[in-house]
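Below is one structure; the comments refer to it alone.
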Ligand SMILES: [Zn+2]
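Residue numbers (the numbering used here): 894 to 1129.
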């Protein structure tokens, strides 16, 4: 797809979703006129919990781009926008990390990386009904590789498909398909909660890297994930 056309589609998508988010916010205000917060929670979507996991952090930078951009930072930025979108739509959001840190470092056994992964799994497992969305970025020796791809664990295929489909509104040229996670993806393979891992793009692809470094593109990615996650909850 031409860059201009991609930008137009991306902006159109952004606009549509922002209008929808605005409509939802207005509806919430309207609904709350005569009901207190508890009533809204009982009848609305406030009881729905989503776990958002920004991959890597602290000493674990994740993938590193040619210009030194670290995956952990991009992951956290996307996760923050996604969390804001979910909150404004009435979801309770649990973030595995909100800062630049490795998790679980107070545990006494295992490598720093394993302790970090165990802590993420522990948080995810505390919310067995919730969808866990792990946010990552990819890297590959072949620079041409690009695009978002969603991996899924038990019970989360629908969510993975919804996110993958929503991304086609951001980039209709993307041909990547969802994949069931194998044992190489610790969090998904061991998860007791429905979980997806979104590889938001390739740091090794220069054009995609430039996009991932912009707030606008990260918002479009977060919106696509938000759409997909909402669809998952809609059919529950
Ligand atoms: Zn990663």
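All C-beta atoms in this analysis are idealised placements derived from N, C-alpha and C, irrespective of residue type, glycine included.
Leaving aside the five residues before and after residue i along the sequence, list all residues of the same chain whose C-beta is less than 6 Å from its C-beta, in chain order.
i, result
"residue 1074", "1044, 1046, 1081 and 1082"
"residue 1051", "1125"
"residue 987", "944"
"residue 958", "1096 and 1102"
"residue 989", "946, 1013 and 1016"
"residue 1049", "1087, 1088 and 1089"
DSSP on residue i, reduced to helix/strand/coil?
i, result
"residue 863", "Residue 863 cannot be examined here, being either before or after the span of the chain that is shown, 894 to 1129."
"residue 1127", "helix"
"residue 950", "strand"
"residue 1070", "coil"
Within the continuous beta strand (DSSP E) that includes residue i, where are the two ends?
i, result
"residue 1053", "Residue 1053 -> not in any beta strand (DSSP E); alpha helix (DSSP H) instead, spanning 1050-1060."
"residue 1094", "1088-1095"
"residue 1082", "Note, residue 1082: premise wrong, no beta strand (DSSP E); alpha helix (DSSP H) at 1079-1083."
"residue 947", "942-947"
"residue 1024", "1024-1031"
"residue 957", "Per DSSP, residue 957 belongs to no beta strand (DSSP E) and is neither H nor E."
"residue 1042", "1042-1045"
"residue 986", "985-988"
Which residues in the same chain have their Cβ closer than 7 Å to the Cβ of residue i, if we skip the five residues on either side of it in sequence?
i, result
"residue 1023", "942, 943, 944 and 1086"
"residue 1010", "1079 and 1080"
Note the first and the last residue of the continuous alpha helix (DSSP H) segment covering residue i.
i, result
"residue 1014", "1005-1018"
"residue 1101", "1099-1105"
Could you tell me if residue i is buried or exposed, where buried requires 16 or more neighbouring beta carbons within 10 angstroms of its beta carbon?
i, result
"residue 1128", "exposed"
"residue 1025", "buried"
"residue 1070", "exposed"
"residue 884", "Not covered by the structure: residue 884. The range shown for the chain is 894 to 1129."
"residue 1119", "buried"
"residue 1107", "exposed"
"residue 1055", "buried"
"residue 1088", "buried"
"residue 1040", "buried"
"residue 952", "exposed"
"residue 1100", "exposed"
Tell me which residues share the same chain as residue i and place their Cβ nearer than 8 Å to its Cβ, disregarding the 5 neighbours each side in the sequence.
i, result
"residue 978", "914, 1115, 1116 and 1119"
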